[in-house]
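Enquirer: All you need for my numbering is the position in the sequence shown, starting with 1, plus 123.
Even for Gly, the Cβ is constructed at its ideal location relative to N, Cα and C.
What follows is a structure written as structure tokens; I'll ask about it next.
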Amino acid sequence: MPNTNYIESFSFETNKTHPFPFDIPAVKFAKNINVNNPVTIFIGDNGSGKSTLLETIAMQMRLPVIGGNIIADKSFEAAAQLQDYLKIKWINNIRQGFFFRAEDFSNFIYRIEKAQADIDESLAELKEVLNEHAFNMVAGKLNFQKYQMMKSYGENMHAFSHGEAFLKIFQSRINGKGVFILDEPEAALSPIRQLSLISMVLETIKTFRSQFILATHSPIMMGIPGALLYEIKEDAIYQTAYEETEHYRITKTFLDNRQQFLRHLDT
124 MPNTNYIESF SFETNKTHPF PFDIPAVKFA KNINVNNPVT IFIGDNGSGK STLLETIAMQ
184 MRLPVIGGNI IADKSFEAAA QLQDYLKIKW INNIRQGFFF RAEDFSNFIY RIEKAQADID
244 ESLAELKEVL NEHAFNMVAG KLNFQKYQMM KSYGENMHAF SHGEAFLKIF QSRINGKGVF
304 ILDEPEAALS PIRQLSLISM VLETIKTFRS QFILATHSPI MMGIPGALLY EIKEDAIYQT
364 AYEETEHYRI TKTFLDNRQQ FLRHLDT
């Protein structure tokens, strides 16, 4: 992979160890975490703080988010509390990119389709009260807004499978230089769709020399070539090799001998 030019490292500089979010491992042990790599991936159990970590970086960068504003969104409250303590060391302070959380996806689709429906309703109402010239002027502007939405996201996102709609969002937002932060992007993706996303990531890096920071539970996503892997544990954050991750070892053991693995769970 080519070298990236954006974030070199980050740290949480605080002596606080409680309450939440200061008590989570991703905050307590994030000291001089090197991310000077095209792809950095954070893994760990639920509750280790992967999402809070990514949200805090994304908020400090003021990255756009799907369907909202990262500063105004109350679901980023923990990230807001941590802003004064996160110190990012930049190679090139280019604050552009995109932040994606799987949980925001369904609400975003609803907003897109509601906006399209509202435009249609407004046009129907305006046609009754405006003269032809005025209506045509307003209709042209509203129809252009609707065209732009359909061009970016499709006429009906619900016509896609959930995984296809996920990829459509990625294709529309991950298409240039910057820092792209993805929290569990595999959530709605089948194994083959995860491979499609990996291909998209690699092509973006090759074309634009962009930087990706991910949190994932997927052994497939963890396998992105050249990725820097960090595992967040209860007592530390440490760099690890792909084959040494618990996700890889458990998945491989299961696939190699499924029946024996399941019998062991049943005893």
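Mind checking which residues open and close the beta strand (DSSP E) that includes TYR371?
Expert: As a first step, residue 371 must be located in the sequence shown, where it is residue number 248. Per DSSP, TYR371 belongs to no beta strand (DSSP E); it is in the alpha helix (DSSP H), 369-379.
Enquirer: Report yes or no: do three or more beta-carbon pairs, one from the region 290-310 and one from the region 214-224, lie closer than 8 Å?
Expert: Taking 8 Å as the limit for Cβ pairs, the verdict is that the region 214-224 does touch the region 290-310.
Enquirer: Ordered along the chain, which non-local residues of its own chain (more than five positions away) have a Cβ less than 6 Å from that of GLY299?
Expert: Sequence index remark: in the sequence shown, residue 299 carries index 176 (1-based). Around GLY299: PHE331.
Enquirer: So, helix, strand or coil for GLY277, using DSSP?
Expert: Here residue 277 refers to the residue found at position 154 of the sequence shown. Note that GLY277 scores a pLDDT of 49, beneath 50, so its modelled location is shaky; the value from the coordinates is reported in the next line. Three-state DSSP puts GLY277 in coil, outside helix and strand.
Enquirer: Does the Cβ-Cβ distance between GLY172 and VAL158 come in under 7 Å?
Expert: Taking the sequence shown and counting its residues from 1, one reaches residue 172 at position 49. Taking the sequence shown and counting its residues from 1, one reaches residue 158 at position 35. Cβ atoms of GLY172 and VAL158: not closer than 7 Å.
Enquirer: Between ALA181 and ILE194, which are expected to be in contact by the criterion C-beta below 8 Å, what is the C-beta distance as a whole number of angstroms?
Expert: Counting from one through the sequence shown, the residue named residue 181 turns up at place 58. Counting from one through the sequence shown, the residue named residue 194 turns up at place 71. Rounded, the Cβ-Cβ distance is 11 Å, inconsistent with contact.
Enquirer: Closest to PHE152 by CA distance: which of PRO161, PHE133, THR163 is it?
Expert: Numbered from its first residue, the sequence shown carries residue 152 at position 29. With distances taken between Cα atoms, PHE152 lies closest to PHE133.
Enquirer: GLU178 and PHE145 - do their beta-carbons sit closer together than 7 Å?
Expert: The residue labelled residue 145 in the question sits at position 22 within the sequence shown. The residue labelled residue 178 in the question sits at position 55 within the sequence shown. Cβ atoms of PHE145 and GLU178: not closer than 7 Å.
Enquirer: Below 7 Å between beta carbons: does that hold for ILE166 and LEU337?
Expert: As a first step, residue 166 must be located in the sequence shown, where it is residue number 43. As a first step, residue 337 must be located in the sequence shown, where it is residue number 214. No; because the gap between Cβ atoms is not below 7 Å, this pair is not in contact.
Enquirer: Going residue by residue through the region 125-183, where are the continuous beta strand (DSSP E) segments of at least 3 residues, counting only ones entirely within it?
Expert: Complete beta strand (DSSP E) runs here, min 3: 130-135, 162-167.
Enquirer: For GLU309 and GLU248, what's the separation of their Cα atoms in angstroms?
Expert: Taking the first residue of the sequence shown as position 1, residue 309 is located at position 186. Taking the first residue of the sequence shown as position 1, residue 248 is located at position 125. Roughly 42 Å between the two C-alpha positions.
Enquirer: By the DSSP assignment, the beta strand (DSSP E) with ARG316 in it spans what residues?
Expert: For the purposes of this step, residue 316 is identified with residue 193 of the sequence shown, where counting begins at 1. Careful: ARG316 lies outside any beta strand (DSSP E), inside the alpha helix (DSSP H) at 314-331.
Enquirer: By Cβ distance below 7 Å, which residues in the same chain neighbour GLU136 in space, the five residues on each side in sequence not counted?
Expert: On the sequence shown, residue 136 is found 13 positions in, with the first residue counted as 1. Correct list, in chain order: TYR208, LYS210.
Enquirer: Considering only C-alpha positions, which residue in the set ILE297, ASN138, PRO142 is nearest to LYS154?
Expert: Position 31 of the sequence shown, counting from 1, holds the residue named residue 154. Ranking ILE297, ASN138, PRO142 by Cα distance to LYS154 puts ASN138 first.
Enquirer: Quick check: what's the CA-CA separation for THR374 versus ILE292?
Expert: Position 251 of the sequence shown, counting from 1, holds the residue named residue 374. Position 169 of the sequence shown, counting from 1, holds the residue named residue 292. Taking the straight line from one Cα to the other gives about 29 Å.
Enquirer: Just to confirm the assignment, what range does the alpha helix (DSSP H) spanning ILE343 have?
Expert: Residue 343 sits at position 220 when you count from the first residue of the sequence shown. Segment 342-345, the alpha helix (DSSP H) holding ILE343.
Enquirer: Is PHE384 helix, strand or coil when you go by DSSP?
Expert: Within the sequence shown, numbered from 1, the residue matching residue 384 stands at position 261. PHE384 falls in the helix class under three-state DSSP.
Enquirer: Assuming ILE156 contacts TYR353 under a Cβ cut-off of 8 Å, what Cβ separation, rounded to an integer in Å, is found between them?
Expert: Within the sequence shown, the letter at position 33 stands for residue 156. Within the sequence shown, the letter at position 230 stands for residue 353. At roughly 7 Å, the Cβ-Cβ gap stays under 8 Å, so ILE156 and TYR353 are in contact.
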